[in-house]
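Contents: one structure, followed by commentary.
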Amino acid sequence: MRKQFIDKIASTAKLPNTLILLALLTACSSPQKAFESQDYDNAFKLALSGLNKGRGNQETRQILKQSLENILGREMAESRRLGSQNNPEGWKTALDINYGLQAKVKEARAFLPNDFEKELYTLPQQAKWLRKSLFTHFFEEGQDDLGRADATGLKPYAQLAHGAFTKARQYTEVPSPKLDSLTRRAMKMGIVYYQVEVDAPFDISYHWEIDRVFEKVEDQSGGFLRVTYGEAIKDADCAIEIRFNSLEIDISEEKGDEDFNREILVEYKTVTDTSGNEKKVPVYETAEGNAVTITKTKTATWDVDVYIDGLTPNCGLSGQSFSASTQSTIREVKISGDRRAVPEEYINARKENFTEEDDMAEYLLESLYEQIVRAYF
-14 MRKQFIDKIA
-4 STAKLPNTLI
6 LLALLTACSS
16 PQKAFESQDY
26 DNAFKLALSG
36 LNKGRGNQET
46 RQILKQSLEN
56 ILGREMAESR
66 RLGSQNNPEG
76 WKTALDINYG
86 LQAKVKEARA
96 FLPNDFEKEL
106 YTLPQQAKWL
116 RKSLFTHFFE
126 EGQDDLGRAD
136 ATGLKPYAQL
146 AHGAFTKARQ
156 YTEVPSPKLD
166 SLTRRAMKMG
176 IVYYQVEVDA
186 PFDISYHWEI
196 DRVFEKVEDQ
206 SGGFLRVTYG
216 EAIKDADCAI
226 EIRFNSLEID
236 ISEEKGDEDF
246 NREILVEYKT
256 VTDTSGNEKK
266 VPVYETAEGN
276 AVTITKTKTA
286 TWDVDVYIDG
296 LTPNCGLSGQ
306 SFSASTQSTI
316 REVKISGDRR
326 AVPEEYINAR
336 KENFTEEDDM
346 AEYLLESLYE
356 QIVRAYF
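Just so you know, our numbering puts 67 at position 82 of the sequence shown, and the rest follows in order with no gaps.
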């Protein structure tokens, strides 16, 4: 007997690792094993999968049924606990649990048509009660916030009301004209209006370019924000004045001075040695040259001050200052002395030109626009 047991262990040890692993996975993936381990969710999933693939039997159906019974007992108790709380977050979680259970019951009844008939009725009823509770909560919350908006004129209350009415809409059983009307009213009351104007008294030549860039600010309109550019509006909450200082141009330069010398072959001279033999020898002279490198940097800077006029209590903005800068660099080379001594990189240096001032100004305007948009919109 002892020898047989040892032989069995030895033969198992000779199995390939992949086969042993496959055997273990098969055991772990068994609906029966999962059920015995009280892993009812996995047991339900495995049993349902087997039945859907045509591999199930009456025992599999029994595991499916008992697993779902355990899941229903656990989850419905949690759903009731959450539903009894005076907390919409708890109600939403309870409703999610309910929807999940309804889906499981529907899946199981495809193989258990005579079971879970009670849950087929009670789960939708509980879901209906939860949806009604959520609708009532958010609808009343929206009405309260809208009432505060009416009483104070503060648009954030109307925005909160719109958010509450939008949530309430998710839980309506039938279309609600009253809810639609209140939602539209809250939206209209919650809109904040910005009136944007630009003043550039020092750079008249750039007015057109400034308008071209900054009129895009109207594209920031959306949601509870409306933006107009260069146009006075009756119901503005914030008047935003963007005041340009003069475009500053500064050119600085740095000099580099280098001397060069080089031995230059001038000619070959015939000489006679002591034996009377003639030969040609090279004759050199020293060439001296100089290169002065002038590096010029053109810096363009534009400063802007933003002034805010709060026309109503709904304007929460404050003034700021912004600045943008860009540079263009060129190199000039001046050569003196014997050019033969100067390296070719200096001799062949190309003439360079600064970036056009208009192009620099356009870059600065785009940069300033992006800064202001990030700050206020």
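Virtual Cβ for every residue (Gly too), placed ideally from N, Cα, C.
Closest in C-alpha terms to T297, from the list L167, M61 and Y179, comes Y179. Counting only the Cα atoms, N299 lies some 15 Å from L131. Counting other Cβ atoms within 10 Å of its Cβ, A79 reaches 16 or more and is therefore classed as buried.
Following the DSSP letters along the chain, one finds K113 inside the alpha helix (DSSP H) bounded by residues E102 to T137.
The count of Cβ pairs closer than 8 Å, one atom from the region 188 to 195 and one from the region 340 to 360, reaches three, so the stretches are in contact. Between R228 and D290 the beta-carbon gap is near 5 Å, inside 8 Å, which marks them as a contact. Assignment of beta-bridge partners to S310 by DSSP yields T286.
Taken in chain order, the complete beta strand (DSSP E) segments of 3 residues or longer contained in the region 219 to 286 are 223 to 229 and 233 to 257. Taking 8 Å as the cut-off, the beta carbon of L36 is found no closer than this to the beta carbon of L53. When the Cα atoms are used, K219 and T213 turn out to be separated by approximately 11 Å.
Under DSSP, V358 takes part in no beta bridge, so it has no partner.
Taking the CA atoms as reference points, V177 sits about 29 Å from Y156. Rounded to the nearest whole angstrom, the CA to CA distance from S306 to A272 is 58 Å. Counting only the Cα atoms, L139 lies some 29 Å from Y354. Around the beta carbon of E104, 16 or more other beta carbons lie within 10 angstroms, which makes this residue buried. Look at the beta carbons and you see the region 159 to 167 not touching the region 197 to 207: under three pairs across the two are nearer than 8 Å. When the Cα atoms are used, G68 and E60 turn out to be separated by approximately 12 Å.
Apart from sequence neighbours up to five positions away, no residue of its chain approaches G58 with a beta-carbon distance below 6 Å. Rounded to the nearest angstrom, the gap between the Cα atoms of K117 and N72 is 14 Å. Burial check for P16: the Cβ neighbour count within 10 Å reaches 16 or more, so the residue is buried. With a 10 Å radius around the Cβ and a threshold of 16 neighbouring Cβ atoms, I236 comes out exposed. By the Cβ neighbour-count rule, T255 is exposed, with fewer than 16 other Cβ atoms within 10 Å of its own. Here the C-alpha atom of N262 lies approximately 25 Å from the C-alpha atom of E270. Secondary structure at D294: strand, using DSSP grouped into helix, strand and coil. Between the region 281 to 290 and the region 329 to 345, the count of C-beta pairs closer than 8 Å reaches three or more; the two stretches touch. Taken through DSSP and simplified to helix, strand or coil, L97 comes out as coil. Nearest to D129 by alpha-carbon distance, out of A143, D184 and S310, is A143. Just so you know, the alpha carbons of Y25 and D81 end up roughly 19 Å apart. Burial state of T168 is buried, judged by a 10 Å Cβ sphere holding 16 or more other Cβ atoms. For D184, the enclosing beta strand (DSSP E) begins and ends at V177 to D184. Take G175, set aside five residues on each side of it, and the residues of its chain with a beta-carbon closer than 7 Å to its own are K140, A143, Q144, H147 and F209, in chain order. Counting only runs that start and end inside the region 27 to 75, the alpha helix (DSSP H) elements of at least 4 residues fall at 43 to 68. In terms of Cβ geometry, T278 and V318 form a close pair [threshold 8 Å]. Looking from the CA of Y361, the closest CA among S313, K38, Y292 and E233 belongs to Y292.
Short of 7 Å from the beta carbon of A224, and not among the five residues preceding or following it, lie these beta carbons of its own chain, in chain order: Q180, D294 and L296. When rounded, the separation of the alpha-carbon atoms in K77 and S310 is 53 Å.
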